[in-house]
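To start, the structure itself, in structure tokens.
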Amino acid sequence: MRHLFLYLFNILFFSNLLVAQNDTTFKYHAPLEIPLVLSANFGELRPNHFHMGIDFKTKGVEGQKLVAIEKGYVSRIKVSPSGYGKVIYINHPNGVTSVYAHCSVFLGEIDSLVRLTQERNKNYEIEIFPSSNEIILEKGENFALSGNTGSSTAPHLHFELRDTKTETALNPLKFGFDIVDEIAPQINGLKIYSVSERGYRMKGKSKNIAIKKGQFGYYIGGNTAIISSDFCTEQGGIGLAFEVTDHYSQATNPIGIYGSYLLVNKDTVFGHKIDSISFESTRYINSHIDYEENSLNKKKYQKSFRTKENNLSFYNHNDLGIIFISPNDSSEITYGAYDAKNNKSELKFKLKVLPGPLHSPVIYKKEDYLLPEKSYSQKSELCVINIPEGCLYEPTPKKIQVTPVLSIANASTPIQLPIQIKLPLKTNTVPIEKYYIAGNSTYLPTKFSDGWLSTECKFLGTFSVKFDTLAPLIVPLNFSAKDSICKKKLLTWKITENKTVIADYDLFIDGKWYLLEFESKGSYAYFHVPSALKDKHSLKIITKDACGNESIWEMDMSF
Ligand SMILES: [Zn+2]
Numbered sequence: 001m002r003h004l005f006l007y008l009f010n011i012l013f014f015s016n017l018l019v020a021q022n023d024t025t026f027k028y029h030a031p032l033e034i035p036l037v038l039s040a041n042f043g044e045l046r047p048n049h050f051h052m053g054i055d056f057k058t059k060g061v062e063g064q065k066l067v068a069i070e071k072g073y074v075s076r077i078k079v080s081p082s083g084y085g086k087v088i089y090i091n092h093p094n095g096v097t098s099v100y101a102h103c104s105v106f107l108g109e110i111d112s113l114v115r116l117t118q119e120r121n122k123n124y125e126i127e128i129f130p131s132s133n134e135i136i137l138e139k140g141e142n143f144a145l146s147g148n149t150g151s152s153t154a155p156h157l158h159f160e161l162r163d164t165k166t167e168t169a170l171n172p173l174k175f176g177f178d179i180v181d182e183i184a185p186q187i188n189g190l191k192i193y194s195v196s197e198r199g200y201r202m203k204g205k206s207k208n209i210a211i212k213k214g215q216f217g218y219y220i221g222g223n224t225a226i227i228s229s230d231f232c233t234e235q236g237g238i239g240l241a242f243e244v245t246d247h248y249s250q251a252t253n254p255i256g257i258y259g260s261y262l263l264v265n266k267d268t269v270f271g272h273k274i275d276s277i278s279f280e281s282t283r284y285i286n287s288h289i290d291y292e293e294n295s296l297n298k299k300k301y302q303k304s305f306r307t308k309e310n311n312l313s314f315y316n317h318n319d320l321g322i323i324f325i326s327p328n329d330s331s332e333i334t335y336g337a338y339d340a341k342n343n344k345s346e347l348k349f350k351l352k353v354l355p356g357p358l359h360s361p362v363i364y365k366k367e368d369y370l371l372p373e374k375s376y377s378q379k380s381e382l383c384v385i386n387i388p389e390g391c392l393y394e395p396t397p398k399k400i401q402v403t404p405v406l407s408i409a410n411a412s413t414p415i416q417l418p419i420q421i422k423l424p425l426k427t428n429t430v431p432i433e434k435y436y437i438a439g440n441s442t443y444l445p446t447k448f449s450d451g452w453l454s455t456e457c458k459f460l461g462t463f464s465v466k467f468d469t470l471a472p473l474i475v476p477l478n479f480s481a482k483d484s485i486c487k488k489k490l491l492t493w494k495i496t497e498n499k500t501v502i503a504d505y506d507l508f509i510d511g512k513w514y515l516l517e518f519e520s521k522g523s524y525a526y527f528h529v530p531s532a533l534k535d536k537h538s539l540k541i542i543t544k545d546a547c548g549n550e551s552i553w554e555m556d557m558s559f
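Take the sequence shown: its position 16, counting from 1, is numbered 16 in my numbering, and each next residue is one higher.
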């Protein structure tokens, strides 16, 4: 019977594979059983990434039922103290994978498989890839409860749809979930840049223009933005960026827009529409927005032009979006922003360039600059630096110092790809495994070989050798050392590490391993007391940091 069922299931499953994943008439079941209210949408601008899914509110609490949006099988389960926390991936017959992150509790077969794997590996952190016939879910079937695990800061469901084959994240709002939105995006600011022919911003050549909202929509004072002639260059031109936010009808928090367009004298020059984003390209957000403006003023200006290297696929124009305009000339500009329900806002103005000389030509020599299209290496007895091609977003002055500490450009300059750093270990007053490389004073995972410490990281700044000989601190949180009789169903501890990170944590009762859950945010450890646990037992937690410093907490308790 089971075989026949599986056979039929597979036929049904795979015959549907060709249902186009972008078919918006295809109707999924809602992922929650409560009314759908969003607190974040797809493509929202986050640090170093676009938001790759949508966030559903869960009425401020954990424990809402999560249900399958379509029949399918559980293809991946991960439990981690950070990131997505407890997360489930379900592969559906139409070639789409749904992802439910930050769960609190897994149910049924998923829960059994996770517990079995944790017990076998003696580890809370696990990742399982069940086969297509192991855990099958029906459309609307409840398989887990919503939560707040991993890097989530308040209870919610982070929900993603991905193309199963490529793992590219798809915009869930294009799949017909019932979400009310009648509010158009809000255009808050305009910024004008002088840019090179490759879309790089000329240093010190930008201007912020205030946007006003009136009876007839958005406008700027005098309806004209005026810039000096030295914004224009021989081969380059002008780039525009807009600060724009949106809201949903039912929620007050700001969300991102779905798309934009830029018209110059009625011709479309640039635009974007966020239907999908690949995980390989999501970090290009650092080039999509004015990164420095965001670091300094917390304002996210989205550029309506791009650099030649920016490989985000959601721009709907082949050109770079540069406006070619000469001194003593002007152009009519129309900028529009819209959300997934096609609520739209527009800004129209005249861009006027004053008469005068052009910007003097800028040549980016590789002797003076770290360049996006060039790799860079340096090797001496003091350090090894490897910066791959495609790492920098724009030419960056090559300020590299080796002594007294290694310093590469500025910590505020973003990069796309990891750089490799090696530093020699010259003194060893403590055992070798206690040493690590710190980047901008934070611990970096470090390897040691042949007298060299090596690491990789995705930022620039200062790098130095440090060591850690201090063990983590384990402190009971919801009980004290005097509580010899346990009255709680959940015991919690705070495990604090000062210099590096918590690498391992285990709970033993009378020498036998028990599951201890851990959350990196707040550094909390949890033990769900099994109802079968009775009488007096000795509890012991052993924890280690990344440099192998170990601490032990012990206590006898009656249950
Ligand atoms: Zn999210």
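Just so it is clear, CB atoms sit at the ideal spot from N, CA and C, and this is done for glycine as well.
- Taking a contact as a CB-CB distance under 8 Å, the pair Pro-372 and Glu-456 does not count as one, their CB atoms being some 19 Å apart.
- Looking at Ser-484, Ile-323, Pro-530, the one whose alpha-carbon comes closest to that of Leu-490 is Pro-530.
- Shown here, Arg-201 sits in a strand according to DSSP, grouped into three states.
- Using a C-beta cut-off of 8 Å, the region 47 to 54 makes no contact with the region 341 to 357, since fewer than three inter-stretch Cβ pairs fall below that distance.
- Within the same chain, Cβ atoms closer than 7 Å to the Cβ of Leu-45 are found at Gly-256, Ile-285, Ile-289, Lys-300, the five residues on either side in sequence being excluded.
- Cβ contact annotation for Phe-559 (same chain, cutoff 7 Å, sequence separation greater than five): Cys-486, Val-529, Leu-533, Lys-534, Asp-535, His-537, in chain order.
- The nearest non-hydrogen atom of ligand 1 is less than 7 Å from the C-beta of Gly-53.
- Using a Cβ-Cβ distance cut-off of 8 Å, the region 327 to 339 and the region 261 to 268 are in contact, since at least three pairs of beta carbons, one from each stretch, lie closer than that value.
- Collapsing the DSSP output to three states places Thr-268 in a strand.
- For Ser-551, the enclosing beta strand (DSSP E) begins and ends at 550 to 558.
- Taking a contact as a CB-CB distance under 8 Å, the pair Phe-159 and Phe-56 counts as one, their CB atoms being some 6 Å apart.
- Set against 7 Å, the gap from the CB of His-49 to the closest heavy atom of ligand 1 is not smaller.
- Collapsing the DSSP output to three states places His-537 in a strand.
- A Cβ-Cβ contact shorter than 8 Å links Leu-36 with Asp-178.
- As DSSP reads the structure, Cys-457 sits in a beta bridge with Ile-419.
- If you check the CB distance, Cys-391 and Gln-420 do not come in under 8 Å.
- Distance from the CA of Ile-77 to the CA of Ile-128, rounded to the nearest whole angstrom, comes to 5 Å.
- For Pro-155, the CB contacts under 7 Å within the same chain, skipping 5 residues up- and downstream, are Thr-58, Gly-60, Val-61, Glu-62, Ser-146, Gly-147, Asn-148 in chain order.
- Secondary structure note for Tyr-291: its alpha helix (DSSP H) is the uninterrupted segment 291 to 297.
- Glu-293 and Ala-481 have their alpha carbons spaced roughly 51 Å apart.
- Note that the C-beta distance between Tyr-505 and Ile-552 is not below 8 Å.
- Per DSSP, the continuous beta strand (DSSP E) segment holding Ile-333 begins and ends at 330 to 338.
- At least one heavy atom of ligand 1 sits closer than 7 Å to the Cβ of Ala-40.
- Distances between the C-beta of His-158 and the heavy atoms of ligand 1 include at least one below 7 Å.
- In this structure, Pro-472 sits away from Ile-509, with a CB-CB distance that is not shorter than 8 Å.
- If only complete runs of 4 or more residues are kept, the region 77 to 129 shows the alpha helix (DSSP H) at 108 to 121, in order along the chain.
- Taken in chain order, the whole alpha helix (DSSP H) runs of length 4 or more contained in the region 364 to 428 number zero.
- In the three-state reduction of the DSSP assignment, Pro-172 falls in the helix class, which pools H, G and I.
- Measuring C-alpha to C-alpha distances from Ala-68 to each of Phe-42, Lys-86, Leu-32 identifies Leu-32 as the nearest.
- Around Leu-515, the same chain offers Arg-115, Gln-118, Glu-119, Tyr-124, Leu-507, Phe-527, His-528 as residues with beta carbons nearer than 8 Å, after the five sequence neighbours per side are excluded.
- Taking the Cα of Tyr-291 as reference, the smallest distance to any Cα among Pro-445, Ala-411, Leu-453, Ile-387 is reached at Ala-411.
- Taking 8 Å as the cut-off, the Cβ atoms of Ser-281 and Thr-307 do not count as close.
- Sequence-distant partners of Gln-378 (beyond 5 residues in either direction) whose C-beta falls short of 6 Å from its own C-beta, in its chain, are Ile-385.
- For the pair Asn-41 and Ala-184, the CB atoms are not nearer than the 8 Å cut-off.
- In this structure Pro-81 is buried. Its beta-carbon is surrounded by 16 or more other beta-carbon atoms within 10 angstroms.
- Annotation for Asn-142: the continuous beta strand (DSSP E) segment containing it runs 142 to 145.
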